[in-house]
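**Student:** Residue numbers (this note's numbering): 2 to 458. Glycine is no exception: its CB is placed at the ideal position from the N, C-alpha and C atoms.
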Amino acid sequence: MLKLLTLILVILVDLARNEVYKSPEQIHLSLGESPNEMVVTWITQQNTNSTIVEYGEKEFDKFEKGSSIKFTDGGPERREFFNHRVVLRDLKPGTMYIYHCGSPDGGWSSVYFFRAIKDGSHWSPRFAIYGDMGNVNAQSLSRLQEEVQRGHFDAILHVGDFAYNLDTDDAKVGDAFMNQIQSIAAYVPYMTCAGNHEQNYNFSNYMSRFSMPKAQGDGHNMFFSFDIGPVHFISFSSEYYYFTKYGWNQIANQYRWLESDLKKANLPERRKKTPWIIAMFHRPLYCSNADDPEHCTNAENIIRIGFPFGEDYGIEKLLYKYGVDVAFQAHEHAYERMWPVYNLTVCNGSANNPYLNPSAPVHIVTGSAGCQEGVDPFLPLPNTWSAFHSDDYGYARMTVLNSSHLHIEQVSDDQNGKVIDSMTLIKNKHGAGTYNCHERNLKQTSPLKGPAKMKFT
Numbered sequence: 002m003l004k005l006l007t008l009i010l011v012i013l014v015d016l017a018r019n020e021v022y023k024s025p026e027q028i029h030l031s032l033g034e035s036p037n038e039m040v041v042t043w044i045t046q047q048n049t050n051s052t053i054v055e056y057g058e059k060e061f062d063k064f065e066k067g068s069s070i071k072f073t074d075g076g077p078e079r080r081e082f083f084n085h086r087v088v089l090r091d092l093k094p095g096t097m098y099i100y101h102c103g104s105p106d107g108g109w110s111s112v113y114f115f116r117a118i119k120d121g122s123h124w125s126p127r128f129a130i131y132g133d134m135g136n137v138n139a140q141s142l143s144r145l146q147e148e149v150q151r152g153h154f155d156a157i158l159h160v161g162d163f164a165y166n167l168d169t170d171d172a173k174v175g176d177a178f179m180n181q182i183q184s185i186a187a188y189v190p191y192m193t194c195a196g197n198h199e200q201n202y203n204f205s206n207y208m209s210r211f212s213m214p215k216a217q218g219d220g221h222n223m224f225f226s227f228d229i230g231p232v233h234f235i236s237f238s239s240e241y242y243y244f245t246k247y248g249w250n251q252i253a254n255q256y257r258w259l260e261s262d263l264k265k266a267n268l269p270e271r272r273k274k275t276p277w278i279i280a281m282f283h284r285p286l287y288c289s290n291a292d293d294p295e296h297c298t299n300a301e302n303i304i305r306i307g308f309p310f311g312e313d314y315g316i317e318k319l320l321y322k323y324g325v326d327v328a329f330q331a332h333e334h335a336y337e338r339m340w341p342v343y344n345l346t347v348c349n350g351s352a353n354n355p356y357l358n359p360s361a362p363v364h365i366v367t368g369s370a371g372c373q374e375g376v377d378p379f380l381p382l383p384n385t386w387s388a389f390h391s392d393d394y395g396y397a398r399m400t401v402l403n404s405s406h407l408h409i410e411q412v413s414d415d416q417n418g419k420v421i422d423s424m425t426l427i428k429n430k431h432g433a434g435t436y437n438c439h440e441r442n443l444k445q446t447s448p449l450k451g452p453a454k455m456k457f458t
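#1: Excluding the 5 residues flanking Gln140 on each side, which residues of the same chain have their C-beta closer than 6 Å to its C-beta?
#2: Counting only runs of 4+ residues fully inside the stretch 208-245, write out the alpha helix (DSSP H) ranges in chain order.
#3: Which residues in the same chain have their Cβ closer than 7 Å to the Cβ of Arg284, if we skip the five residues on either side of it in sequence?
#4: Output the distance between the C-alpha atoms of Trp109 and Ser24, rounded to the nearest integer angstrom.
#5: In angstroms, rounded to a whole number, what distance separates the CA positions of Phe308 and Ile316?
#6: I need the DSSP call for Gly371, collapsed to helix, strand or coil.
#7: Whose C-beta lies closer than 7 Å to the C-beta of Lys428 among residues of the same chain, with five residues either side of it excluded?
#8: Please name the residue, chosen from Gln373, Asn403, Val412, that lies closest to Gly135 on a Cα-to-Cα basis.
#9: What residue from Gln47, Ile306, Val232 has the CA that sits closest to Met281's CA?
#10: If you draw a straight line from the alpha carbon of Lys181 to that of Asn138, how long is it in whole angstroms?
#11: Given a threshold of 16 other Cβ atoms within 10 Å of its Cβ, counted over all protein chains shown, does Ala462 qualify as buried or as exposed?
#12: Alpha carbon to alpha carbon, how far is Ile99 from Ala253? Give it in angstroms, no decimals.
#13: I'd like the list of long-range same chain contacts for Ser423, defined as Cβ closer than 6 Å, with 5 residues on each side in sequence excluded.
#14: Is it right to say Gly121 is buried, meaning 16 or more other beta carbons lie within 10 angstroms of its own, or is it exposed?
#15: Kindly indicate which three-state DSSP category Leu380 falls into: helix, strand or coil?
#16: Looking at the secondary structure, which residues open and close the beta strand (DSSP E) in which Lys66 lies?
#17: Suppose only complete runs of 4+ residues qualify. What are the alpha helix (DSSP H) ranges in the stretch 131-166, listed by chain order?
#18: In its own chain, which residues sit with a C-beta less than 7 Å from the C-beta of Pro383, not counting the 5 before and 5 after it?
#19: Count the other C-beta atoms from every protein chain shown that fall within 10 angstroms of the C-beta of Arg257, then say buried if there are 16 or more, exposed otherwise.
#20: When the Cβ atoms of the stretch 159-168 are set against those of the stretch 189-196, are three or more pairs found closer than 8 Å?
#21: Can a CB atom of chain D be found closer than 8 Å to the CB of Gly175?
#22: Does Ser360 come out as helix, strand or coil in the three-state DSSP assignment?
#23: In its own chain, which residues sit with a C-beta less than 7 Å from the C-beta of Leu319, not counting the 5 before and 5 after it?
#24: Need the endpoints of the alpha helix (DSSP H) that Arg284 sits in, please.
#25: Run through the DSSP bridge pairs and tell me what Ser413 is partnered with.
#26: Below 6 Å CB to CB, which residues in the same chain sit around Lys419 once its five sequence neighbours on both sides are set aside?
#27: Using only alpha-carbon positions, find the residue among Gln146, Pro341, Phe115, Tyr396 that is nearest to Glu38.
#28: Would you kindly work out how many angstroms separate the C-alpha atoms of Phe225 and Pro378, rounded to a whole number?
#29: Let me confirm a value: Asp62 is counted as buried when at least 16 other C-beta atoms fall within 10 Å, else exposed. Which label applies?
#30: Ordered along the chain, which non-local residues of its own chain (more than five positions away) have a Cβ less than 6 Å from that of Asp155?
#31: Could you give the C-beta distance for Gly324 and Gly230, rounded to a whole number, given that I count them as a contact under 8 Å?
#32: How big is the Cα-Cα spacing for Lys274 and Pro341?
#33: Assuming Met223 and Phe204 form a contact by the criterion Cβ under 8 Å, report the distance between their Cβ atoms to the nearest whole angstrom.
#34: Going by DSSP in three states, His334 sits in which element: helix, strand or coil?
#35: Rounded to the nearest angstrom, what separates Glu312 and Gln251 at their Cα positions?
#36: Starting from Leu89, follow its DSSP beta bridges and name the residues at the other end.
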């Protein structure tokens with residue numbers, strides 16, 4: 002009798018464990034191929050018979066089915082889990098929806114909500130922007146949770162480096178991190194780009210866990226574009242330039258795609274509808290941190306100018322040529338706002354208003370969301386293009402006010418949410434060929450290494 006009871010208990014425990022392993026976790030949203038779509042992605046540790054999202058404005062009167070794909074991590078345990086993806090289509094612009102996800106055999110998640118993206122370009126979208134957030138010391142997370150759930154943002158832009166790392170401890174750290182950001186990513190689209198901490202096993206954890214728009218990119222989350230209101234966003238990989246062990250073709254393919262996408266975005270009808278073009282990629286073209294000689298004090302920064310042989314594939318000339326307005330980067334665990342700059346030349350709009358019709362893109366580094374590596378110190382004498390910098394933990398907010406005004410500010414978590422920096426970029430004209438950044442050597446000692454000199458106009 003005792004043996005029978007023990008056997009029954011073992012069976013019940015096993016059944017309960019299986020149900021837990023089939024439960025939805027790591028739930029997050031992202032934008033689909035059009036503004037009236039929302040993608041719901043989640044993980045189960047065991048596969049389920051179906052992949053379903055039930056949703057509606059006040060009750061679950063709609064549902065969509067999706068699919069699951071088995072992922073095998075590259076670590077020693079060769080752990081397996083299942084990525085579930087469902088696309089919600091034909092959403093009403095600006096409408097609030099409730100939803101949950103799961104399956105009859107695996108169970109359902111808690112109830113979450115989101116607001117569908119508004120239609121057209123005559124509205125003012127709001128964003129939180131940051132990079133380099135880990136599952137340890139994620140200093141900004143609590144404030145982001147509150148602001149997201151209060152409806153302060155239309156989307157999150159995470160500019161590379163997740164979890165530290167998604168693949169660590171046979172991807173268990175990735176699981177913990179994705180569950181951690183569920184408190185924000187289940188409520189607003191969580192848009193991403195890859196950083197250096199994602200590179201293990203050829204970025205496979207990053208590629209599998211997120212669902213970025215596929216039609217306007219490579220289909221694997223490494224480079225893609227999307228529109229929100231009056232903004233055309235471009236996300237691409239700076240890491241291709243540094244992890245060439247995965248191949249050289251990836252650099253050329255991305256570069257060709259990037260130029261093609263920028264050309265399309267500058268067609269008169271497109272640029273009229275989405276006048277702002279904003280780029281996001283992980284490694285900075287400009288920075289003033291003391292502990293990064295590869296990027297901050299190197300005049301021959303590879304991502305900026307490209308390679309010294311063959312076709313260089315330098316990124317900066319494309320951003321300048323096609324009139325990209327703002328470029329967000331991270332990698333440095335700090336915040337830094339640059340003056341408008343091109344080819345080491347500061348090109349302010351005017352002495353009184355440097356961000357009024359500037360002659361070059363504006364670069365923002367916001368990589369201090371918080372991770373176990375702490376923050377990065379700055380050079381005693383920042384580079385000439387540095388307008389403001391801080392090593393406080395925090396994140397950036399951006400509001401695209403209209404077709405001509407865009408506001409960016411940095412929030413300090415060290416100072417209880419205080420806005421420690423802000424700027425308003427004013428552009429009366431957008432488009433390719435609108436920049437005119439003249440060069441004049443600055444008569445001072447340059448901290449940069451390499452043949453290029455610091456310049457200022």
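**Tutor:** Taking the geometry as given:
#1: Gly371, Tyr394, Asp414
#2: none
#3: Ser239, His296, Ile304, Gln330, His332
#4: 7 Å
#5: 11 Å
#6: strand
#7: Asp326, Asn358, Ser405
#8: Gln373
#9: Val232
#10: According to the sequence shown, residue 181 is Gln rather than Lys. Cα to Cα, the separation comes out at about 12 Å.
#11: Residue 462 lies beyond the stretch modelled for the chain, which goes from 2 to 458, so this question has no answer here.
#12: 42 Å
#13: Glu410
#14: exposed
#15: coil
#16: 63-66
#17: 142-150
#18: Ser289, His390
#19: exposed
#20: yes
#21: Protein chains in the displayed structure number just one, and chain D is not present.
#22: coil
#23: Leu259, Glu260, Leu263
#24: Per DSSP, Arg284 belongs to no alpha helix (DSSP H) and is neither H nor E.
#25: Gly395, Lys419
#26: Ser413
#27: Phe115
#28: 32 Å
#29: exposed
#30: Pro126, Arg127
#31: Actually they do not touch by this definition, with Cβ atoms about 18 Å apart.
#32: 24 Å
#33: 7 Å
#34: coil
#35: 14 Å
#36: Met39
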